[in-house]
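Since the structure comes first, as C-alpha cells, the remarks are kept for the end.
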Amino acid sequence: MIGGKAPMALAIMWSLVAITWVFVILRLYTRIFIIQSVGPDDHMYWLSGVLILLYTIFVHIASLHGFGRPMPGIDATPFEFDEAALAIKTEMIGQTFAVIGMAVAKLSVGFFLLRIVVDKWQRMLIWFTMASLSAVSALCAILFWTQCTPVQKIFDPIRTEGVCNFSITPFATTLGVWCVLADFFFAIFPWVFIWKLNMKQKEKITIAGSMSFGFVAGACGIVRTYEVANGFTANYTLDTVPLIIWSAAEMAVTLICIGIPILRPLWRRVVHSSNLSSERYYRKQEEHSNEQAYNMDISIASKYHVRYNDGGIPIDLNRLLSSTSYLAIMAGQYHAVEPNGQHNIELQFQNSASRAPSPPPRQYQGLLARRRPKARVWLGLCGKWLITIMFIIVVYIVLIGYALYDVMTSLHKKYFNALITGFLIALGMSTMSQLTHAVGDMRWWILSKRPRSRQKVKAILHVNSMSQVIVLAFKSKRWRIHLGVIAWVALFLATQVGYASLGLCYSVEKTEDTALLVPGNVSIADLSTVSTISVVNGSASTYGQEYAVNSYGIISQGLNQGALVDIPFPKTLFFGDDKHFFCDEYCSYVFRETNTATQNSPIAAPISAYTDRKVDIKTQCKAYKIREGGNGTRENIVIEDGRKTRNVTLPSKEGPNFKVFMTSGSQDCGSDCSHVSVFEPSLTDPWFYNCTVKMGTVENAKRSEHQVGDRLAHLVTAAIALGGLEHANNTRTNSYPSESVFGVPLNGSTGVVEYLISRFSTGALAATIEANTDVVLPGQAPTVGQKLSISHWGVMTLIFFITAILQLVVAIVAAKVSGRVVVPPSDTLSEAKVLRAMVEQDLLDEEPKDPAAAEKGKSLWIYRSTHVGDGVYDLYMEEVKT
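Here the sequence shown is numbered in the UniProt record's numbering, starting from 1 and rising by one per residue.
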C-alpha cells in the first residue's frame, strides 16, 4: 500500500517521465523525418528515456512495499520485515537504472559533440570525459551491490547476519560530483569551437546557448549530490525519498536540456513554414521570365549533387555530416559551410544569357501573406499552453521537493525563495504571453468588423498596454467595447492576483518538530554516577546514592511517559511537556543533547533534541504462590515451587498492607543487572516473585561518555528495592503501601510486576539524568530550523486549474475567431507594412490642408485582406471617408 511520502515522490517522477518522453518522441521524429540523420547520440538519448522509465517503475513497485515510510523497528512482525526488504531491494534496482541512465544521458551529449568537433585535442577531451564518467558509474553500480556480504544484508540489515565491508556513500558522492563536472563541461565546451566558426554572431550565441542548458542539469546534480551524502541512513526507505526525487530530476532535466537544441529544425518547420511563401509568390510574378535560367541552375546543381529546400537555398549533401553543416542543420539553416569555419560555401549560379524583359511588377497596398496553416496555429497554441503546464508542474515539484525536508537551513530557504519566485514569475509571463498573443490575433478580426477612427485603431493595436485599453473604453460609446475591455482587464487582474495569492498558500516558518543540526558544543548528562545534591544533604555516600536513586524513581511518576511506538525519530526537538521515557512490555530511554549556546539564554528555553541513542531496561519475573506465612506477620514463609515447597526467610516484617521489594548484593548477575524479590502479603491471596532486572547497552553510542556507567546501571536496576533498611548479607529492602502505584496487589500477574519494575528503573534513570550535572562535548548542536508549510493545497490546485483552463479557453476562442481573417505576422516590420497607408496619410496630414478637402469628412480605417491569387493575400488598412 502506498503511503507516507511516496505519493508525492511518484507524482513528481511520473510527471518528469511524461515530459521526458515528449522530448524523446519529438527528437526521434526530428532526426528521422526532418534531418534524416540518426546517430549514436540519438540511440543513447532514447535509451536514457527507457532507463528513467524503468527507474520510475521500480520506485513505484518499492512504494507498494514501504518506500516513503519509516523502516520497521526491532519488534516488528516478520511480514513488515519482508515488506521493508522488498522495498529496499526494488528501490536499489531502480537506483541502479538511475546510475546507468545518468551516465547514458551524458554519453548522448558526448556523441553529439563528437559529430561536430574536428580538432583532435577536442575529440580526445570529449572521449576522456565520456570514458571516465562511464567507468565511475559502472564502478559505483558494482560497489552498490557488493558493499555487504551477503547481498541480503544490504536490504535486510536487521535479520540478516553478515558484514558490510565499506560505505557506499563516498563512492556515490564521487559519482555525483563527476556527473556535475561532466554537465558543466558539456555546457561550456561548445562555446570553444562554435565561437570560431564563420557564422553570424547571433547564430553562434543561439546555438551555443541552446547547447549550454546543461547548467540546469548541473544544478540539479549538486542538490542530488548533497542528498547522496545525507540519504544512506538506517531509516533507508524514508530518508532516501529526496535522493530518489532529485535523481529523477537530474536525469529528466538532462534529457530535456540536450533535447531542446535538436528540436530547432522541427520548431522552424512548424512555426516558420510559411514565412517565405508569400514572398515566393511575389518573386514568381516578377521573375516569370527567369524560368529558363532557373532550370539551367537546377541542371548545374544536379551535376554537383545539390538540392534545394523550400526557401530556394541549396544543400550540400556531401557535407551533411560535416561539423559546421551539422550545426547548421541542427539550427534549422540549410546551407553548408567549411568544417574549419573559414569560408561559407553556397553554390550560386549565374546565367549570363540574355533574358526577356519582365513585365512591370504589380502594385500591392500592404503586406503579402498567406493564411496561417491550421496545424501551425493549433500546434503553437498547444505548445504555449504546455509551457504553462510545464511551469505549473515545476512549481509543484519545487514545493513538494522542499516540503519533503523535515527541516531547512537558511541556504535551503534562499534557494527555495529564489526558485519559487523565479518560476512563478516565469509562469505569470508564460500565461500573459499567450493571453496577449491571443488578444493580439483577435484585434485584426475586430479591426475588420467596422471602420474606426485613428485613435481607436491605435488603442486596439496597443491592446497589450493596459492604459491604452482603458483609454479606448473611455473614448468609445459602444457597450461591446466596454464589455470587452472589462473582460480583458478582469482576466488580466485575475491572473496576476491568482498567482500573487499563491504566496498565501504556503509559508516558511520555524519548525517545532525537527531540529537543525550544526557543528558546535552539546551538553549531555554525566552517566557515571548519581547526583545526590537534589535529595540528600551531605556527601555522596553509598546509602545517599541508593536513597537518591529510589527517590528519583518515585519522582519520575510526574514525568511524561509514552508507549514504545511513540519513540521519536532522531533530531526531533524536545520540549518540557514531551515524553521522557517509553514503556510497554519493557521500557526505553532515549537520550537527548542540548545546545550549550542556548542554555544560559535569559529570553529563551534551551534547545534540546532527541538522538539516535537509547537504552532498554527489561525485567523477567517468576511468581510463586505462598502456602504459609503470607499475611505479613512472619519472617519465614513457605512458597510453592512447582510440585515442591520451599522456605524463604524475609529480611523484615512490614505487615499485611505493605509490599516489600528486596535485593541482595551477594546475588551478582553483572554490573548492569540486579536480582529483585517481591513479597506481596495478603490475608487471602499472597504471592512471592523473583525478578531479574537488566539494562541493555546504549544503542549507537559513539563515545565513552555515551555509555551508562556500571555504578549507575547497578543502582538503577535495583532502584525499587533501595533507600530502605539494610539487613544481613548485604540485603536492601524497601516497602510500599498497597494504596501506592508500586504497592498495589497484583495476585501473581508477572507481566504487571515486570512492567512496574522496568518502569520504576527507567523513571529513576530519567530523573537521575535530569538531576545530574552536564558534560560538554563537541558534536552536532541542535538549533531551531525552518520548514516549508503548505496549508492550502486545495486552494493552490484550484488557482492553477482555473488559470490554466482560462488561458486555454481564451486561446482557443481567439484562434477560432481570428481564423476568420488573415492575421499578419506579429513582427514590427510586417505590421508596419499593413499600416503603410495610415503612415502615409499621417505624412500628408502634416502638409497644409486644402479647405475643400477638409470638408469631405473625417477618415475612418478598416482592416482588409484581399486575395491576390495562389493563396496569397494583400493585407492593408483601407481609409473610409464619412
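Positions of the beta carbon are idealized from the N, C-alpha and C atoms, including for glycine.
Quick check: the Cα distance between residue 128 and residue 382, rounded to an integer number of angstroms?
Taking the first residue of the sequence shown as 1, we reach residue 128 at position 128. Taking the first residue of the sequence shown as 1, we reach residue 382 at position 382. Approximately 41 Å between the Cα atoms of the pair.
Once you ignore the five residues that flank residue 779 on each side, which residues in its own chain have a CB closer than 6 Å to its CB?
Counting from 1 along the sequence shown, the entry for residue 779 is found at position 779. These residues qualify, in order along the chain: 522.
What is the DSSP secondary structure of residue 521, counted as helix, strand or coil?
Position 521 of the sequence shown, counted from the start, is the residue given in the question as residue 521. Three-state DSSP puts residue 521 in a strand.
What separation, rounded to the nearest whole angstrom, lies between the Cα atoms of residue 262 and residue 245?
Start at 1 with the first residue of the sequence shown, and residue 262 comes out as number 262. Start at 1 with the first residue of the sequence shown, and residue 245 comes out as number 245. So the two alpha carbons sit approximately 26 Å from each other.
In chain order, what are the residue ranges of uninterrupted beta strand (DSSP E) at least 3 long that sit wholly in the segment 617-656?
636-641, 644-649
Does the structure place the segment 407-427 close enough to the segment 38-51 that three or more beta carbon pairs sit under 8 Å?
no
Could you tell me the alpha carbon to alpha carbon distance between residue 293 and residue 268, rounded to whole angstroms?
Position 293 of the sequence shown holds residue 293. Position 268 of the sequence shown holds residue 268. Residue confidence is low: residue 293 scores 36 on pLDDT, short of 50, so the model does not pin down where it sits. No coordinate-derived value is stated.
Three or more C-beta pairs below 8 Å linking the segment 186-202 and the segment 143-155:
no
Indicate whether the contact test is met: 3 or more Cβ pairs, each with one atom in the segment 784-799 and one in the segment 498-508, closer than 8 Å.
yes
One or two residues paired with residue 506 in a DSSP bridge:
The residue labelled residue 506 in the question sits at position 506 within the sequence shown. Answer is 790, bridged to residue 506.
Taking residue 420 as part of the alpha helix (DSSP H), name the residues at either end of that continuous run.
Translated into positions along the sequence shown, residue 420 becomes position 420. Per DSSP, residue 420 belongs to the alpha helix (DSSP H) from 410-449.
Pull up the distance between the alpha-carbon of residue 90 and that of residue 249, whole angstroms please.
Here residue 90 refers to the residue found at position 90 when the sequence shown is read from its first residue. Here residue 249 refers to the residue found at position 249 when the sequence shown is read from its first residue. Distance between the alpha carbons of residue 90 and residue 249: 19 Å.
Determine the burial state of residue 595: buried for a count of at least 16 other Cβ atoms within 10 Å of its Cβ, exposed for fewer.
As a position in the sequence shown, residue 595 is number 595, starting the count at 1. Burial call: buried.
What span of residues does the beta strand (DSSP E) with residue 673 cover, start to end?
For the purposes of this step, residue 673 is identified with residue 673 of the sequence shown, where counting begins at 1. Residue 673 -> beta strand (DSSP E) spans 673-680.
Should residue 828 be counted as a contact of the ligand FAD given a C-beta to heavy atom distance under 7 Å?
This structure simply doesn't include the ligand FAD, nor any ligand for that matter.
Is residue 482 helix, strand or coil when you go by DSSP?
Position 482 of the sequence shown, counting from 1, holds the residue named residue 482. Residue 482 falls in the helix class under three-state DSSP.
Nonlocal neighbours in the same chain, by C-beta distance under 6 Å from residue 620, ignoring five residues either side
Working through the sequence shown from its first residue, we reach residue 620 at position 620. Around residue 620: 692.
What residues in its chain sit with their C-beta under 7 Å from that of residue 884, if we drop five residues either side in the sequence?
The question about residue 884 has no answer here: the residues shown for the chain are numbered 1 through 882.
Tell me the rounded alpha-carbon separation between residue 669 and residue 513.
Indexing the sequence shown from 1 puts residue 669 at position 669. Indexing the sequence shown from 1 puts residue 513 at position 513. About 41 Å.
How would you label residue 159, buried or exposed, when you count the other beta carbons within 10 angstroms and need 16 or more for buried?
Walking along the sequence shown from the start, residue 159 turns up at place 159. By the neighbour-count rule (16 or more Cβ atoms within 10 Å), residue 159 is not buried but exposed.
Identify the continuous beta strand (DSSP E) that holds residue 571 and give its terminal residues.
Counting from one through the sequence shown, the residue named residue 571 turns up at place 571. Looking at the DSSP string, residue 571 is not in any beta strand (DSSP E), and its letter there is neither H nor E.
Cβ distance (whole Å) where residue 140 is taken to contact residue 99 below 8 Å
Taking the first residue of the sequence shown as position 1, residue 140 is located at position 140. Taking the first residue of the sequence shown as position 1, residue 99 is located at position 99. Their Cβ separation, rounded to whole angstroms, is 6 Å, which keeps residue 140 and residue 99 in contact under 8 Å.
Just to confirm, is the Cβ distance from residue 240 to residue 66 under 8 Å?
On the sequence shown, position 240 is the one that residue 240 refers to. On the sequence shown, position 66 is the one that residue 66 refers to. Contact flag unset, no.
Straight-line CA distance for residue 13 to residue 153?
As a first step, residue 13 must be located in the sequence shown, where it is residue number 13. As a first step, residue 153 must be located in the sequence shown, where it is residue number 153. Whole-angstrom Cα-Cα distance: 28 Å.
Going by DSSP, what residues sit across from residue 861 in a beta bridge?
Along the sequence shown, one-based indexing puts residue 861 at 861. DSSP, once it has assigned bridges, lists 452, 879 as partnering residue 861.
When you compare the segment 704-722 with the segment 612-626, are there three or more beta-carbon pairs, one atom per stretch, that lie closer than 8 Å?
yes
Contact between the segment 578-590 and the segment 645-659 is defined here as three or more beta-carbon pairs at a separation below 8 Å; is this criterion met?
no
Does the Cβ of residue 303 have 16 or more other Cβ atoms within 10 Å, making it buried, or fewer, making it exposed?
For the purposes of this step, residue 303 is identified with residue 303 of the sequence shown, where counting begins at 1. For residue 303, the pLDDT reaches just 36, beneath the cut-off of 50, and the residue's location in the model is therefore unreliable, although a value from the coordinates is still provided. Exposed, since its Cβ has fewer than 16 Cβ neighbours within 10 Å.
Taking the alpha helix (DSSP H) that residue 688 belongs to, which residues open and close that run?
By one-based count along the sequence shown, residue 688 stands at place 688. Looking at the DSSP string, residue 688 is not in any alpha helix (DSSP H); the run it does join, the beta strand (DSSP E), is 687-695.
Environment of residue 493 [buried if 16+ CB atoms lie within 10 Å]
Here residue 493 is taken as the residue at index 493 of the sequence shown, counted from 1. The residue in question, residue 493, is exposed, as its Cβ has fewer than 16 Cβ neighbours within 10 Å.
What residues in its chain sit with their C-beta under 7 Å from that of residue 326, if we drop five residues either side in the sequence?
Along the sequence shown, read from residue 1 onward, the residue named residue 326 stands at position 326. Confidence is the limiting factor: at residue 326 the pLDDT is only 48, short of 50, which leaves the residue's position unreliable and the question unanswerable from this model.
Write down the C-beta distance between residue 266 and residue 516 rounded to the nearest angstrom, noting that I regard them as a contact closer than 8 Å.
For the purposes of this step, residue 266 is taken as the residue at position 266 of the sequence shown. For the purposes of this step, residue 516 is taken as the residue at position 516 of the sequence shown. Residue 266 to residue 516, Cβ: 47 Å. No contact.
Looking only at C-alpha atoms, which of 543, 862, 756, 610 sits nearest to residue 450?
On the sequence shown, residue 450 is found 450 positions in, with the first residue counted as 1. Out of 543, 862, 756, 610, 862 has the C-alpha closest to the C-alpha of residue 450.
Need the endpoints of the beta strand (DSSP E) that residue 733 sits in, please.
As a first step, residue 733 must be located in the sequence shown, where it is residue number 733. Note, residue 733: beta strand (DSSP E), 731-737.
Among the residues of its own chain, which have a CB less than 8 Å from the CB of residue 410, if the five just before and after it don't count?
In the sequence shown, the residue the question calls residue 410 occupies position 410. Same-chain partners within the cutoff: 786.
Does DSSP put residue 748 in a helix, in a strand, or in coil?
Here residue 748 is taken as the residue at index 748 of the sequence shown, counted from 1. Reduced to three states, the DSSP call for residue 748 is coil.
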